[in-house]
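Each remark here refers to the structure printed beneath this line.
Numbering (mature numbering (1 follows the signal peptide of the UniProt record, and there is no 0)), first residue to last: -29 to -1, 1 to 649.
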């Protein structure tokens, strides 16, 4: 069968209304209708049709939660506009909501000690827009107010000290600057920087405060390697305005400090391990040199809540408990659903509230081992089109992955079903009607067969440090799923292989070099072609290798002479096509192992673009444009201008067995039927 191929992450772009295209010459069309492109003079292609299939993924997705009294406040993820909803736990109903004016997701929520104000921090692509907000819970009908902007682009965590002063940490400073500690004093109404305690860190995700001290937790869970910092914990003296390094020795092996909480007279610290199990430390606030450390299960320890001598917290896919008397950690057993990725753990009376990325809140009674579940959409949470991760097509279906879910669009009848999966399917492929996905973060390969009536399940697990799938393709000769992967914490990456018949899998770590991940994968005649991308700041930036996926052996390599890493690969005949992240285009003759063509295509492609070979022609998609390459001259031409897909983690394009292409226009799924004449 034809190869089904999707790929890459990119800058998030908001979409437009269903059926609306801003390009000149493309008629407006609603869901299920075809819009005819004008001729090539208008940037399109005569005979090209674009069929709007409607919103790709419609769900209420979330990324944070905090309990204030009897109301659980939940921050949205990947929705436009960004919003906070208020779920009243006694009634199980959403009773209020507010919209924030910037950003795409809310990872940080914190209430002040009086319970009147709720502070929120957003993740966003802009480095100049407001990212800190405050909602007055006594007047919930009044929209949340923008307070200003911390210097980091994203706010990853917030805390409010007992005196009402707010502290924030994040990532994404201008020019790749290390994250700092930021303060907002409501009495002064201004945001100020308290400094950058760890110059080698790439992300700060944890902050906690007492009357006298602010604790800052950082590390490198994104773009690690190349000498970047691992887990680092600092104490900031609020009076003297200085930082002291207080990281417990045992925690320094881990990738990052993931969570901090002040509980009674202790500081509770959780890490992100990735290459090793996460850890939890309980430190004495009066003497930080006195602490206990316990190894957790899985690679993440976050979201702490105390109840009856235990500290409850989230692993990557379950609720765990730290027994303070024995310094031991174990799973919380209860009758109820799979919790998936957890974004909130709170105590309410003798119950623990767990907010799941699957879109529900589970109220768990640890003593009785029972649970009560509130489905957020049934409670009144507003669903909306998400930005999406990837697309795969085949067997009469198009699969579009969002946050914690995959939407299965059935062609012909227009139905959409939703499949729960943990995390995000960054990329996927359909083989003989079976879906195979690469799941972020550290979830391996998952599979779903619509003919068996089963749920999606994990087919293969891999080392946790190899956590971010980038490209999934099918090797029809060796009958294996191939997945290119990036290691967020260590740099470099890997090639995963999975044989569905034998259920055997293998992970080839750093097949290109220690700095380059495997961003692009293409295959022909049993040889895998791997395109490298380097986020560590070292050289080289981009290398292409030919690799035997069965023997795990490099065959040859070529320098494609690019100034940025490879974004995508595709094969047509003897030619391997490649795109770089800065709009470079290259062609390698795979028989002669030689670079034969280079061009600048940045007018149509920049960033994390994708390609697919369809009906003998290589097509590409970027944030803005669908384009194709002439099979003899390699000249680029526009197929659909101003496509402006609503991507969260990279532009994608795929095809089905009939040669129809699928991608995103805004937040809608579209089918493209193209008949080029060369």
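Every residue gets a Cβ at the ideal spot worked out from N, C-alpha and C, and that includes glycine.
Remember, predicted model here, so these are calculated numbers, not experimental data.
Distance from the CA atom of residue 447 to the CA atom of residue 497, rounded to whole angstroms, is 7 Å. Contact between residue 486 and residue 509 holds, with the beta-carbon distance rounding to 5 Å and staying under 8 Å.
The beta strand (DSSP E) runs of length 3 or more contained entirely in the region 298 to 334 are, from start to end of the chain, 299 to 302, 313 to 319 and 322 to 327. Secondary structure of residue 347 (DSSP, three-state): helix. Per DSSP, residue 393 is one residue of the beta strand (DSSP E) stretching across 387 to 402. Distance check between residue 231 and each of 130, 630, 154 and 47 places 130 closest, using alpha-carbon atoms only. Inside the region 156 to 222, DSSP marks whole beta strand (DSSP E) runs of 3 or more residues at positions 161 to 166, 174 to 180, 184 to 190, 203 to 208 and 213 to 216, from first to last along the chain. Restricted to the region 33 to 61, the beta strand (DSSP E) segments that are unbroken, complete and at least 3 residues in length are 33 to 39, 42 to 47 and 53 to 59, listed in chain order.
Using a Cβ distance threshold of 7 Å, residue 128 and residue 176 count as a contacting pair.
In this chain, the beta strand (DSSP E) harbouring residue 274 covers 273 to 278. Setting aside the 5 residues that flank it on each side, residue 507 is surrounded in the same chain by 196, 197, 462 and 486, each with a C-beta closer than 6 Å to its C-beta; the list follows chain order. Relative to the Cα of residue 458, the nearest Cα in the group 451, 534, 439 and 474 belongs to 439. Boundaries of the beta strand (DSSP E) around residue 600: 597 to 600.
In the DSSP assignment, residue 649 falls outside any beta strand (DSSP E) and carries neither an H nor an E.
A straight-line Cα-Cα distance of about 17 Å links residue 199 and residue 247.
According to DSSP, residue pairing for residue 551 in a beta bridge involves 537.
In this structure residue 402 touches residue 445 by the C-beta definition: roughly 5 Å separates them, less than 8 Å. In the DSSP secondary-structure assignment, residue 635 is bridged to 640. Counting only runs of at least 3 residues, the region 83 to 132 fully encloses the following beta strand (DSSP E) elements, listed from N- to C-terminal order: 88 to 94, 103 to 107, 116 to 119 and 125 to 131.
Within the same chain, and ignoring the five residues on either side of residue 360 in sequence, the residues whose Cβ sits closer than 7 Å to its Cβ are 372, 373, 395, 396, 397, 619 and 620. Take the alpha-carbon of residue 404 and the one of residue 430: they are about 16 Å apart.
Its Cα nearest to that of residue 169, the residue 149 stands out among 159, 554 and 149.
By the neighbour-count criterion, in which a residue is buried when 16 or more other Cβ atoms sit within 10 angstroms of its Cβ, residue 422 is exposed. Under a 10 Å Cβ-count criterion, residue 433 is classified as buried, with 16 or more other Cβ atoms of the shown protein chains found around its own Cβ. Ranked by Cα distance from residue 556, the first of 502, 308, 587 and 525 is 502. Less than 7 Å separates the beta-carbon of residue 26 from that of residue 639.
For residue 518, the enclosing beta strand (DSSP E) has its first and last residue at 515 to 519. Using a Cβ-Cβ distance cut-off of 8 Å, the region 533 to 549 and the region 568 to 587 are in contact, since at least three pairs of beta carbons, one from each stretch, lie closer than that value. Contact check for residue 46 against residue 34 passes: the beta carbons are separated by less than 7 Å. A Cβ-Cβ contact shorter than 7 Å links residue 28 with residue 357. Linking residue 240 to residue 269 through their CA atoms gives a straight-line distance of about 15 Å. Residue pairing by DSSP puts residue 611 in a beta bridge opposite 597. About 6 Å separates the Cβ atoms of residue 625 and residue 363, confirming a contact at the 8 Å cut-off.
The beta-bridge partner set that DSSP reports for residue 585 consists of 588.
In the DSSP assignment, residue 254 falls within the beta strand (DSSP E) that extends over 250 to 255.
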